[in-house]
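Novice:
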Amino acid sequence: MTTQARADYIDRRLAELYPETPVPLDHRDAYTLLVAVLLSAQCTDKRVNTVTPQLWALADNPADMARVPVEKIQAVIRPCGLSPQKARAISGLSQIITEKHGGEVPRSFEELEALPGVGHKTASVVMAQAFGVPAFPVDTHIHRLAQRWRLTSGRNVVQTERDLKKLFPREHWNALHLRIIFYGREHCTARGCDGHRCEICTTLNG
Ligand code: SF4
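Here the sequence shown stands for residues 1 to 206, where the numbers follow UniProt numbering.
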């Protein structure tokens, strides 16, 4: 199978397995999604979803959040880990969005990535899931599976993202990146796997 044929099979099969692609992080709008994605760094989505209701009770918009003392934010988000950095980032980005962007989350990669605590992956998730702009956020599941499925030889997420974008139609990116994450969470948790345990790898590897 060529790399493109493998990609076409994966695209088709994942769409059959996961026809629906609900956004895993609970949110109300672009701002609450941005904060939830930031909290999900090195933390499970499930845990983030248990913490965010308390955070939104404190403040669920940039102007209100900017007025909350950082220590208070930190106390609420502690279960997510890295709470000092994440609390400073949430406070800082809320101030910038309020003062510089009229209280609205900016809709460009450049402006999003200029916010504290927001890297390319976080910006990609927000562009895709809040604004519907095609993006391909590469997390550890996607990076690992893209290598296992021999879609990339990328040693880093930048190269993996570039290779995946070339292989899949742009209009599929937003659903497909979620489908790969769903598949990875469901199947690809085994360490030291020989690549013949689950359906897609078995099909691709013969
Ligand atoms: S066979 Fe399954 S567990 Fe093993 S690498 Fe492939 S997807 Fe992951």
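Ideal Cβ positions, reconstructed from N, Cα and C, are used throughout, including at glycine.
Computed from a predicted model, the values in this text were never measured in an experiment.
Taking 8 Å as the threshold (C-beta atoms), are Glu113 and His120 in contact?
Specialist: For His120 and Glu113, yes; Cβs fall inside 8 Å.
Novice: Could you give the C-beta distance for Val51 and Ile77, rounded to a whole number, given that I count them as a contact under 8 Å?
Specialist: 6 Å
Novice: How long is the line joining the alpha carbons of Arg13 and Asp64, rounded to whole angstroms?
Specialist: 44 Å
Novice: Return the first residue and the last residue of the alpha helix (DSSP H) that Asn205 is part of.
Specialist: Start and end: Glu199 to Asn205.
Novice: Given a cut-off of 8 Å, decide if Phe136 and Leu164 are closer than it, judged by their beta-carbon atoms.
Specialist: yes
Novice: On the criterion of 16 or more Cβ atoms from any shown chain inside 10 Å, does Gly117 qualify as buried, or is it exposed?
Specialist: buried
Novice: Could you pull out every residue in the same chain whose Cβ sits closer than 7 Å to the Cβ of Ala7, ignoring the five residues on either side in sequence?
Specialist: Leu151, Leu167 and Phe168
Novice: Look at the Cβ atom of residue 216, then the Cβ atom of Pro134, and state whether they are nearer than 8 Å.
Specialist: Here the chain covers residues 1 to 206 and nothing more, so residue 216 does not appear.
Novice: Round the Cβ separation of Val126 and Ala30 to the nearest angstrom and send it over; I've been treating them as touching at under 8 Å.
Specialist: 6 Å
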